[in-house]
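J.: The opening residue of the sequence shown carries number 0 in numbering that gives the first Met the number 0; numbering runs sequentially from there.
Below you will find the structure I want to go over with you.
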Amino acid sequence: MESPTITLTPLAPGERAGSADFGDSGGVGVGRSAGLEAVFAAVADQLDSALAPGEVPGLSDAEVVSGLIAVESLQRKLAALQLTLAAAADTRSRDRVPDLALASVYGCKNAVELLQRTTLVSASTARQRIRVGQTVVPRNGYSLGMLPPQHPHLAAALEDGALGIESAVSIAGMLDRAGKRPGSSPEALDIAERELVTAATEPVLPLHADQTRVQCGVWEQFLDPDGTLPDEEAAFMRRGFRFGKERGGLVPVSGALVPEAAALLARLFDSVNSPRTDTNSDATNGETGSGSSGHSGHSGSSVRFVPVPESIDTDTDTDTDTDSDSDAAPTDTARTPDQKRHDALAILLGTAARHPETPLLGGAPVTVLVQVTDTDLTATDSSAASARLHDHNGLLVPVSMSAARHAACAGATQRITQDARGRILGLESPSRVFTPHQRRAITLRDGGCVIPGCNTPASWCEIHHVTEHAQGGPTHTDNGVLLCWYHHRSLDTSGWQVRMSDGVPEIRAPRWLDPEQRWRPHHPPGKLKLAA
């Protein structure tokens, strides 16, 4: 198949490209000098004579590697020209009066369309070239004359042919984002640019594009050490999970996960997809603890149906409690259907991570790490405290202290404790996680989530330290209660409060539900309330 032909027809000064330039022949009128056209035609001829695609199968191994290096070096030179030419097309399309704008002269609405028609690239590629190109070309300072490029180190590396366009896009994008943040330092941005360019153009073992992208993330966190912690309440309200309509035998899903749920999902995927997963089966075929005998299906299946404990009574018609302050208070009215589905997924992820048949990852159970200083974790006022989560990409991202406290309580999550200097004091030991025996005892006592009106069964609940371990709370049945993922995650903000009284959970509803703010002992569903 022949490549599409682009006809290069110079225009006279003041002449506009007419419809004939975009006729059936597919030609596009482009104002370029005949000399420039001849130079690149000669370069193309030399490339054809140097190596034709049909000759590649006959090359030796060393020649293939040499060819890869040489062609990529040439491509980097061309990439620099692609960026600067795209920037020139954009500048001449924006900075001129409409009748003389370059894009308008050639019958295009803007520089993006001009690039599409002349280079046959996508609109997104055209925009990317323009965006990055504008940062590596000299700027017009008008009365000040021409100013250096916005990113001079990047510009020099591109001009030398030492940096590829993928790495340039990553570096320019990070610098632009960091530069827009309040209080950004031009000196720090210059250092970051210089170090990134140097690392990507080292004569020995330079960073490739993927490594450069990772380093850009590290520098972005360094330039903004406080991170971009989102509005916790606003972000939490935007969480969701939804199913699309079935198309072609597939059902699409979409939504937005809170960082800890996304990180846990990624770890679960890693454990299943690990090349060592097959070796995990022997290690997980032993005693599975409580409820293992109730699993149905073949022993080799990774899917299990979890039975709802008989003590969980979801039939409200048989509830023997007819008292006016029944525990069956409405607790789900604030959640949208999408949010409920998201929370259900989070529950399932936590359950799967705790399950002994879940494949191991690196020889250990699936674990999400939350990094927080000991001072912040024990602080009574957490307004200035911060924590960081190892996210689904393996990068440190800021999370709220509410999320950190939730992570410290959840059995599927392990904690790293550090002091103010960053010294690791230790990993959370297994003794700080409720054992299967303790979980069975707490399940027998609580029956399910202790928040009134929540029917989440015990097998889907997490165990919450009523007095946090960081505050000296023991990992004991008298200090643990069952909470579903949602009520555990939102305990600091929902208004619900939990305390222990002689080993029995007591619950206090939010003020809008109970203006008198009375503590009420928890009564598992399906059990009679006994008079005091």
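Don't be surprised by glycine CBs; every beta carbon is placed ideally from N, CA and C.
Model, not experiment: these values are computed from the prediction.
Residues in the same chain with beta-carbon distance under 6 Å from Leu-264, minus the five sequence neighbours each way, listed in chain order, please.
T.: Position 265 of the sequence shown, counted from the first residue, corresponds to residue 264. Cβ neighbours of Leu-264 beyond the five flanking positions: Leu-348.
J.: Is it buried or exposed for Val-252, if we count other Cβ within 10 angstroms and need 16 for buried?
T.: By one-based count along the sequence shown, residue 252 stands at place 253. Burial call: exposed.
J.: On the DSSP bridge assignment, give the partners of Asn-139 in chain order.
T.: Taking the first residue of the sequence shown as position 1, residue 139 is located at position 140. Asn-139 is bridged to Met-145.
J.: In this structure, what does DSSP give as the bridge partners for Ala-61?
T.: For the purposes of this step, residue 61 is taken as the residue at position 62 of the sequence shown. None; Ala-61 has no bridge partner.
J.: Return the CA-CA distance between Leu-99 and Ser-123, expressed in angstroms with no decimal places.
T.: Counting from 1 along the sequence shown, the entry for residue 99 is found at position 100. Counting from 1 along the sequence shown, the entry for residue 123 is found at position 124. About 25 Å.
J.: Can you tell me whether Arg-116 is buried or exposed? The criterion is at least 16 other CB atoms within 10 Å of its CB, across all chains shown.
T.: As a working note, residue 116 is residue 117 in the sequence shown. Flag for Arg-116 reads buried.
J.: Provide the residue(s) that pair with Glu-463 in DSSP beta bridges, ordered along the chain.
T.: Taking the sequence shown and counting its residues from 1, one reaches residue 463 at position 464. It should be pointed out that residue 463 corresponds to His in this sequence rather than to Glu. In the DSSP output, where bridge partners are listed per residue, His-463 has Val-480.
J.: To the nearest angstrom, report how far apart Arg-404 and Gln-370 are at their CA atoms.
T.: As a working note, residue 404 is residue 405 in the sequence shown. As a working note, residue 370 is residue 371 in the sequence shown. Answer to the nearest angstrom: the Cα atoms are 11 Å apart.
J.: For the stretch 482 to 489 and the stretch 458 to 470, state whether three or more C-beta atom pairs, one from each stretch, are separated by less than 8 Å.
T.: Short answer: they touch.
J.: CB-CB under 6 Å to Pro-520, same chain, minus the five flanking residues each way: which ones, in chain order?
T.: Here residue 520 corresponds to residue number 521 of the sequence shown, with the count starting at 1. Once the five neighbours on either side are set aside, the close Cβ partners of Pro-520 are Val-503 and Glu-505.
J.: Is Asn-478 buried or exposed, if buried means 16 or more other CB atoms sit within 10 Å of its CB?
T.: Sequence index remark: in the sequence shown, residue 478 carries index 479 (1-based). By the neighbour-count rule (16 or more Cβ atoms within 10 Å), Asn-478 is buried.
J.: Whole-angstrom Cβ separation of Val-365 and Ala-352, contact assumed at under 8 Å?
T.: The residue labelled residue 365 in the question sits at position 366 within the sequence shown. The residue labelled residue 352 in the question sits at position 353 within the sequence shown. About 5 Å; that satisfies the 8 Å criterion.
J.: Ala-167 and Val-131 look like a contact to me (Cβ under 8 Å); what is the Cβ gap, rounded to whole Å?
T.: Working through the sequence shown from its first residue, we reach residue 167 at position 168. Working through the sequence shown from its first residue, we reach residue 131 at position 132. Rounded, the Cβ-Cβ distance is 6 Å, consistent with contact.
J.: Buried or exposed, going by whether 16 or more other CB atoms sit within 10 Å of the CB of Gln-516?
T.: Position 517 of the sequence shown, counted from the start, is the residue given in the question as residue 516. With fewer than 16 Cβ atoms within 10 Å of its Cβ, Gln-516 is classed as exposed.
J.: State the Cα-Cα distance for the pair Ile-450 and Leu-394, rounded to the nearest angstrom.
T.: Here residue 450 refers to the residue found at position 451 of the sequence shown. Here residue 394 refers to the residue found at position 395 of the sequence shown. One C-alpha to the other measures close to 35 Å.
J.: Rounded to whole angstroms, how far is the Cβ of Pro-238 from the Cβ of Val-217, which I believe are closer than 8 Å?
T.: Indexing the sequence shown from 1 puts residue 238 at position 239. Indexing the sequence shown from 1 puts residue 217 at position 218. It is Arg, not Pro, that sits at residue 238 in the sequence shown. Incorrect: roughly 27 Å between the Cβ atoms, too far for contact.
J.: Can you name, in chain order, every residue of its own chain whose Cβ lies under 7 Å from the Cβ of Ala-255, other than the five neighbours on each side?
T.: The residue given as residue 255 occupies position 256 in the sequence shown. Excluding residues within five positions, the ones whose Cβ falls inside 7 Å are Arg-237, Arg-238 and Gly-239.
J.: Exposed or buried, what is Ala-508 when buried is set at 16 or more other beta-carbons lying within 10 Å of its beta-carbon?
T.: For the purposes of this step, residue 508 is taken as residue 509 along the sequence shown, with counting starting at 1. Looking at its Cβ environment, which holds 16 or more other Cβ atoms inside 10 Å, Ala-508 is buried.
J.: Using DSSP bridges, identify the partner residues of Gln-496.
T.: If you number the sequence shown from 1, residue 496 lands on position 497. In the DSSP output, where bridge partners are listed per residue, Gln-496 has Arg-507.
J.: Who are the Cβ neighbours of His-391 in its own chain at under 6 Å, not counting the five residues just before and after it?
T.: Here residue 391 corresponds to residue number 392 of the sequence shown, with the count starting at 1. These residues qualify, in order along the chain: Ala-261, Ala-262 and Ala-265.
J.: For the alpha helix (DSSP H) containing Phe-221, list its first residue and its last residue.
T.: Counting from one through the sequence shown, the residue named residue 221 turns up at place 222. First-last of the alpha helix (DSSP H) with Phe-221: 208 to 222.
J.: For the alpha helix (DSSP H) that contains Gly-172, what are its first and last residues?
T.: Translated into positions along the sequence shown, residue 172 becomes position 173. Looking at the DSSP string, the run of the alpha helix (DSSP H) that includes Gly-172 is 164 to 178.
J.: So, is Thr-335 buried or exposed, given that buried needs 16 or more other C-beta atoms within 10 angstroms?
T.: Along the sequence shown, one-based indexing puts residue 335 at 336. Exposed: under 16 other Cβ atoms inside 10 Å.
J.: Measuring CA to CA, which of Cys-215, Pro-151, Ala-69 and Ala-233 is closest to Ala-199?
T.: Locating residue 199 in the sequence shown gives position 200, counting from the first residue. Here the closest residue by C-alpha is Cys-215.
J.: Exposed or buried, which one is Trp-518 when buried takes at least 16 other CB atoms within 10 Å?
T.: Translated into positions along the sequence shown, residue 518 becomes position 519. With fewer than 16 other Cβ atoms within 10 Å, it is exposed.
J.: By how many angstroms is the C-alpha of Pro-358 removed from the C-alpha of Asn-454?
T.: Residue numbering aside, residue 454 sits at position 455 when the sequence shown is read from its first letter. Residue numbering aside, residue 358 sits at position 359 when the sequence shown is read from its first letter. The straight-line gap from Cα to Cα measures roughly 29 Å.
J.: Between Ala-234 and Gln-338, what straight-line distance do the alpha-carbon atoms span, to the nearest angstrom?
T.: On the sequence shown, position 235 is the one that residue 234 refers to. On the sequence shown, position 339 is the one that residue 338 refers to. For Ala-234 and Gln-338, the distance between alpha carbons rounds to 12 Å.
J.: Taking contact to mean at least 3 C-beta pairs separated by less than 8 Å, is the stretch 156 to 164 in contact with the stretch 77 to 87?
T.: Contact holds: three or more Cβ-Cβ distances are below 8 Å.
J.: In terms of alpha-carbon separation, which member of Met-400, Leu-360 and Leu-388 lies closest to Thr-377?
T.: The residue you call residue 377 lines up with position 378 of the sequence shown. Checked all of Met-400, Leu-360 and Leu-388; the closest Cα to Thr-377 is Met-400.
J.: At a cut of 8 Å, does the stretch 42 to 58 reach the stretch 89 to 97 through at least three beta carbon pairs?
T.: At 8 Å Cβ cutoff, the stretches do not touch.
J.: In whole angstroms, give me the CA-to-CA distance for Ser-500 and His-389.
T.: Against the sequence shown, residue 500 aligns to sequence position 501. Against the sequence shown, residue 389 aligns to sequence position 390. When rounded, the distance between both Cα atoms is 37 Å.
J.: Would you decide whether Ser-92 is buried or exposed? Buried here means 16 or more other CB atoms lie within 10 Å of its CB.
T.: Sequence index remark: in the sequence shown, residue 92 carries index 93 (1-based). It is buried - the Cβ of Ser-92 has at least 16 other Cβ atoms within 10 Å.
J.: Given a cut-off of 7 Å, decide if Gly-446 and Pro-523 are closer than it, judged by their beta-carbon atoms.
T.: What you label residue 523 is simply residue 524 of the sequence shown in a count that begins at 1. What you label residue 446 is simply residue 447 of the sequence shown in a count that begins at 1. Yes; because the gap between Cβ atoms is below 7 Å, this pair is in contact.
J.: Check each candidate in Thr-434, Asp-418 and Ala-125 and name the one with the smallest Cα separation from Pro-355.
T.: For the purposes of this step, residue 355 is taken as the residue at position 356 of the sequence shown. Of Thr-434, Asp-418 and Ala-125, the residue nearest in Cα terms is Thr-434.
J.: Which of helix, strand or coil does DSSP assign to Thr-276?
T.: The residue given as residue 276 occupies position 277 in the sequence shown. In this prediction, Thr-276 has a pLDDT of 44, which is less than 50 and means its spatial position is unreliable; nothing more can be read from the coordinates.
J.: What residue range is occupied by the uninterrupted alpha helix (DSSP H) comprising Arg-193?
T.: Position 194 of the sequence shown, counted from the start, is the residue given in the question as residue 193. Start and end: 185 to 199.
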